[in-house]
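Q: So that we are looking at the same thing, I have put the structure below in structure tokens.
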Amino acid sequence: KAKVIIADISGNVIVHNVQGVSSGLTLRGDLRDFINACNTVRENIFMSDSAKFGGRDADGKEIELHIFKYIISVLVMKSGDLDRDSQDKLNMLLNDMKLFADLIISAHTD
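Under my numbering, think of the first position of the sequence shown as 6, with each following residue one higher.
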């Protein structure tokens, strides 16, 4: 199954399913640096408010970073491919986070 950490763009953990990570705390420095670097690429290269980044090693371990509306980051760490049910749940979560970010932005622009 995938390990998922939802944080703000600064790396402050909002919610997760990873043992050893506390909600309300800050992510490890290397993960904060990864989010920051990807956010800079999103802003300066893609020039968009949302983006997806990923990497995979030779053993099949994979990390994905989804940035939604430049405020919410979702880190997904998995080993190999997910089964269909888990992938569907992950896709639903990512869609919900996109809608949540849209809601936050629209509430602040009103």
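We put the beta carbon where it would ideally sit given N, CA and C, even for glycine.
Computed from a predicted structure; not experimentally measured.
1. For residue 84, I'd like the list of residues in its chain whose CB is within less than 7 Å of its CB, leaving aside the five on either flank, ordered along the chain.
2. Just to confirm my understanding: we take residue 80, look at its own chain, exclude 5 residues before and 5 after, and list those with CB closer than 6 Å. What are they?
3. CA-CA distance, residue 53 and residue 86?
4. Counting only the same chain and skipping the five closest in sequence on each side, list residues whose C-beta sits under 6 Å from that of residue 5.
5. Kindly indicate which residue of 76, 6 and 109 has the alpha-carbon position closest to the one of residue 18.
6. Given this structure, state the Cα-to-Cα distance separating residue 91 from residue 35, to the nearest angstrom.
7. Provide the residue span of the beta strand (DSSP E) that contains residue 20, from first to last.
8. Could you name each continuous beta strand (DSSP E) segment of 3 residues or more that falls completely within the segment 61-87, going from the start of the chain to the end?
9. What number of angstroms, rounded off, separates the C-alpha of residue 96 from the C-alpha of residue 63?
10. Considering Cα atoms alone, identify which of 43, 74, 49 and 51 is closest to residue 60.
11. Is residue 34 helix, strand or coil when you go by DSSP?
12. Let me know the secondary structure DSSP gives residue 50 once reduced to three states.
A: Quick look at the numbers:
1. 65 and 66
2. 10 and 70
3. 28 Å
4. With the chain covering only 6 through 115, there is no way to say anything about residue 5.
5. 76
6. 27 Å
7. 18-21
8. 66-73 and 77-84
9. 24 Å
10. 43
11. helix
12. helix
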